[in-house]
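250 is the number that my numbering gives to position 110 of the sequence shown; each next residue is one higher, with no gaps.
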Amino acid sequence: MTTNIRELLTAEELARVTSKDDLRAACIVLFDWAMVIGLFVLAAAFPNPVTMLFTVLLLGGRQMAFGVLVHETGHKSFFTSQSVNDFVATWLSGYWVFSDKDAYMKGHLMHHKDCGTVDDPDLKNFDAYPVSITSFKRKVLRDITGKIGWRRIVSIGRSLYRFNELKPGVKKMLAGGVICNLALLLALSVAGFAELYALWVIAFMTSHMLITRIRQIAEHAAVPDHFDPDIRLNTRTIYISWLEALLVAPHGLNFHLEHHLIASVPIYRLRELHQILLDKGYYEGIEFPKGYLGLLRRVTYAT
């Protein structure tokens, strides 16, 4: 069951699924920003509780999408130009959610290297699953009430307080994060809706944290075997609806198994790689859950 993935693909197939497409990458970035702007316009035009809740939910999804852009540019698998990748990773995504590409990739590459072993730095995020329904509800409650997000805000504040003690890369990220968030506040203020900036912060502290948890669970929690070197057994791809993609798994994030198989495949080609491997029988005996609600039922149990 441990077929070498690169031997399974033809040279033409491998070249195709690892090729970069600047137009598709640009459309992804534009889509994310169009959604962010559109959500603020919606909240300004229809200021009511339902609209505000809807905006917070979807802004959290776009904040996750910004994290996806940081991830993709970190793998150098998004735009053909690395300078464009770096610009997108900072001023068009990472800085807005206080994410540093270089720091993130240092840990993330270790995750790729050690996935399926006790040395995986991300193991703590999913090793305990399955968990009781009661335990899971407590985790979700901490997310949606902002308890986990508040810790992140406090951490950012502490870093700003000791700014001069930080490494140059962290200083650059924090400064960029402050500049971007002030720019958003200024833009909303000029438009006469400064108070809507709170929606961005609330989304960061609540829906974004919950979406992050769901993503971690979907990718590696309660897989057939955490410690099997076969990626098909320690990593998961999940089939999702367009609504789930919009809210939880933007830009093909659900095809995580394929990403671990060949990390140089751009997110906009992961679906194609999945289909190729499916057609070749590589996934024989592997189950792909349908939807996040169904998956969550698998990773929890009644007490």
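All C-beta atoms, glycine included, are put in the ideal place defined by N, C-alpha and C.
Simplified DSSP state of Tyr408, which is helix, strand or coil
Correct three-state label for Tyr408: helix.
How long is the line joining the alpha carbons of Gly431 and Pro390, rounded to whole angstroms?
Distance from the CA atom of Gly431 to the CA atom of Pro390, rounded to whole angstroms, is 14 Å.
By DSSP, does Phe428 sit in helix, in strand, or in coil?
Coil.
Do the segment 274-282 and the segment 227-247 meet, that is, are 3 or more Cβ pairs less than 8 Å apart?
Segments in contact, no.
If you drop the 5 nearest sequence neighbours on each side, which residues of the same chain put their C-beta closer than 6 Å to that of Arg202?
Closer than 6 Å at Cβ, skipping near neighbours: Asp172, Met175 and Val176.
Residue ranges of each alpha helix (DSSP H) within the segment 314-380, 4 or longer
Listed in chain order, the complete alpha helix (DSSP H) runs (minimum 4 residues) inside the segment 314-380 are 337-345, 347-360 and 371-374.
Neighbourhood of Glu212 by C-beta distance below 6 Å, restricted to the same chain and skipping five residues each side:
Cβ within range, chain order: Phe218 and Ile407.
8 Å contact criterion, which Leu326 and Leu336 should meet: CB distance rounded:
At roughly 12 Å, the Cβ-Cβ gap does not stay under 8 Å, so Leu326 and Leu336 are not in contact.
Ala385: first and last residue of the uninterrupted alpha helix (DSSP H) it sits in
Unbroken alpha helix (DSSP H) run through Ala385: Trp382 to Leu387.
Tell me which residues share the same chain as Thr440 and place their Cβ nearer than 7 Å to its Cβ, disregarding the 5 neighbours each side in the sequence.
Counting only Cβ-Cβ distances below 7 Å, and skipping sequence neighbours, we find Pro270, Val271, Ser272, Ile273 and Phe276.
Nearest-angstrom Cα separation, counted from Thr220 out to Asp162
Pairing Asp162 with Thr220, the inter-Cα distance amounts to about 7 Å.
From Ala358 to Gly234, what does the alpha carbon distance come to, in whole angstroms?
Their Cα atoms are separated by approximately 23 Å.
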